[in-house]
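J.:
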Amino acid sequence: MLQAGQAVKVTVHLNQDTGGATGFLLDDLFKFLRANGVEGATAFRAYAGFGAHHQLHTTGAGDVAGLHLPVILYFIETREKVDSILTELLSLVTDGLVEAQPTEILKTATSVGRVIV
Numbered sequence: 002m003l004q005a006g007q008a009v010k011v012t013v014h015l016n017q018d019t020g021g022a023t024g025f026l027l028d029d030l031f032k033f034l035r036a037n038g039v040e041g042a043t044a045f046r047a048y049a050g051f052g053a054h055h056q057l058h059t060t061g062a063g064d065v066a067g068l069h070l071p072v073i074l075y076f077i078e079t080r081e082k083v084d085s086i087l088t089e090l091l092s093l094v095t096d097g098l099v100e101a102q103p104t105e106i107l108k109t110a111t112s113v114g115r116v117i118v
């Protein structure tokens, strides 16, 4: 578990339907992060957005039926962990944008038996 203190937040901007080496890039990135010991990662899908091609994509829009929507994947890790995986992470992202920014972890907490199913 990450400890309180300085860390790095890495954000990857891509499209939901962007292809990767073994399927969708988003799935490939999750597999890569898990295999490399990243503590956790989260992805959010947008309602609408546009990128480098300036074409607006929205939920349920036209033939793509919202499959070409922007997705943001982010994770927070130690500087050492980010440095150790960054080169390979950047090589995996063949279409998108990757950014990193310093952040401060104020608290991390997990509890067993607190999840309501």
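Counting in the numbering used here, the sequence shown runs from 2 upward without gaps. For each residue, glycine too, the CB sits at the ideal point set by N, CA and C.
1) Helix, strand or coil for V11, going by three-state DSSP, please let me know.
2) Please work out which residues of its chain come closer than 8 Å, Cβ to Cβ, to L27, disregarding the five sequence neighbours upstream and downstream, and give them in chain order.
3) With respect to the alpha helix (DSSP H) encompassing V83, which residues constitute its N-terminal and C-terminal limits?
4) May I ask you to report which of helix, strand or coil DSSP gives A44?
5) Tell me where the beta strand (DSSP E) around L3 begins and ends.
6) Looking at C-alpha atoms only, which residue of A101, D96, A5 and T104 is the closest neighbour of G52?
7) If I77 sits next to L3, beta carbons under 8 Å apart, how far is it from one beta carbon to the other, in whole angstroms?
8) For F31, does the three-state DSSP call read helix, strand or coil?
9) Starting from V39, follow the beta strand (DSSP E) in both directions and report where the run begins and ends.
T.: Working from what's here:
1) strand
2) L15, Q17, T19, G21, A44, V72 and L74
3) R80 to L93
4) strand
5) Premise fails: L3 is in no beta strand (DSSP E) and is neither H nor E.
6) D96
7) 7 Å
8) helix
9) It is not in any beta strand (DSSP E) - V39 carries neither H nor E in the DSSP assignment.
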